[in-house]
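Structure first, commentary second.
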DNA sequence: TAGTTATACATAGAACTACAAGGTATTAAA
DNA sequence: TTTAATACCTTGTAGTTCTATGTATAACTA
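Chains as they are written, first to last, in the numbering used here: chain C, 1 to 107; chain G, 1001 to 1107.
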């Protein structure tokens, strides 16, 4: 779909927080979830996602812990923090307002 | 409302293009339109808007011409170009998809 | 079993860019 | 007459992003 850089930046945080709100996940898995959920339209590069995850962790919106996949491979899992849930609610509200404004201007 | 930098960046272009799709306007006027439309939540600084308008003009999504206000004050008006309408349609579609994804993850 | 693909994480720094701050000028209002 | 509102513009920098690159293991395949 070739989303603009701005849209990718604006949507990545609420998407990640939303996914983690549904349950714990990990970097590589999040990329696949977003890919599947968008019917293949959104393909995040891993090198782009990890810095975002680190940034969100620094802000204490998410937290990480090391785990293991069924295969034995190690994975770094993330879960949502309280502050992250608050932020998610705020960003969802803002997304809705802007989305409504853009829709209204369509009619 | 204190929109995040990312959201401002991602929404400013479709908002401006949408407004110009409704009819010609000018920098200062667009700021007021957005302000009113958002119930005062969104207050763009003029120093932020003009560079965006110039950028959109460079991409030939909009074009400008000098005009006069009723008061006699000179104004630079902008109108939407064909390429700008195409881009607007695309961005609206993308906004909707992302908005839907974020909403779906809510339920 | 060697080679390739998929999985999985990480970071430095080049490249970009937004926007605050500062500038000019006119009209209206107090 | 001076302040506020209208109206436009640009530079510099402070900050950010994400490309490019690196490491490593598991799984598949030829």
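C-beta: ideal position from N, C-alpha, C; glycine also.
Can you name the start and end residues of the alpha helix (DSSP H) that residue i belongs to?
i                       : result
residue 1057 of chain G : 1046-1058
residue 1084 of chain G : 1082-1104
residue 1107 of chain G : Unbroken run through residue 1107 of chain G: none, as it is neither H nor E.
residue 27 of chain C   : 27-37
residue 6 of chain C    : 5-22
Flag this pair as yes or no: are the beta carbons of residue i and residue j separated by less than 8 Å?
i                     : j                       : result
residue 19 of chain C : residue 25 of chain C   : yes
residue 49 of chain C : residue 62 of chain C   : no
residue 10 of chain C : residue 1009 of chain G : yes
residue 92 of chain C : residue 1042 of chain G : no
residue 27 of chain C : residue 53 of chain C   : yes
residue 64 of chain C : residue 57 of chain C   : yes
Mind listing the chain C neighbours of residue i? Cutoff is C-beta to C-beta under 8 Å, in chain order.
i                       : result
residue 1022 of chain G : 105
residue 1045 of chain G : The contacting residues do not exist; residue 1045 of chain G stays about 18 Å from chain C at best.
residue 1083 of chain G : What residue 1083 of chain G touches in chain C: nothing, since even the nearest Cβ is about 15 Å away.
Report the neighbours of residue i on chain G: residues whose CB is nearer than 9 Å to its CB, in chain order.
i                     : result
residue 62 of chain C : Going along chain G, no residue has its Cβ under 9 Å from residue 62 of chain C, so there is no contact; the nearest lies around 15 Å.
Applying a beta-carbon distance threshold of less than 7 Å, which residues of chain C neighbour residue i?
i                       : result
residue 1086 of chain G : Those within 7 Å of residue 1086 of chain G in chain C number zero; the least Cβ separation is about 14 Å.
residue 1019 of chain G : 105
residue 1015 of chain G : 101, 102
Given that a residue counts as buried once 16 or more other Cβ atoms are within 10 Å of its Cβ, and exposed if not, what is residue i?
i                       : result
residue 1014 of chain G : buried
residue 84 of chain C   : buried
By the criterion of Cβ-Cβ separation under 8 Å, what are the contact partners of residue i in chain G?
i                     : result
residue 94 of chain C : 1001, 1003, 1004, 1007
residue 41 of chain C : 1097
residue 31 of chain C : None at all; the shortest Cβ gap to chain G is about 14 Å.
residue 25 of chain C : Correct list: empty, because the minimum Cβ distance to chain G is about 12 Å.
Please look up how many angstroms separate the CB atoms of residue i and residue j, rounded, as I've assumed it's under 8 Å.
i                       : j                       : result
residue 1017 of chain G : residue 1080 of chain G : 6 Å
residue 1067 of chain G : residue 1077 of chain G : 5 Å
residue 104 of chain C  : residue 1007 of chain G : Not confirmed; about 17 Å, so no contact.
residue 90 of chain C   : residue 21 of chain C   : Not quite, the Cβ-Cβ distance comes to about 13 Å (not below 8 Å), so this is no contact.
Going by DSSP, what residue range makes up the beta strand (DSSP E) through residue i?
i                     : result
residue 62 of chain C : 62-68
For a contact defined as C-beta to C-beta under 7 Å, what are the partners of residue i on chain G?
i                     : result
residue 37 of chain C : 1101
Taking 7 Å as the line, does the beta carbon of residue i fall inside it for any heavy atom of the ligand MN?
i                     : result
residue 91 of chain C : Questions concerning the ligand MN fall outside what the structure shown contains, since it holds no ligand whatsoever.
Could you name the residues of chain C that residue i contacts, counting a contact when the two beta carbons are closer than 9 Å?
i                       : result
residue 1069 of chain G : Those do not exist, as residue 1069 of chain G stays about 23 Å from chain C at its closest Cβ, beyond 9 Å.
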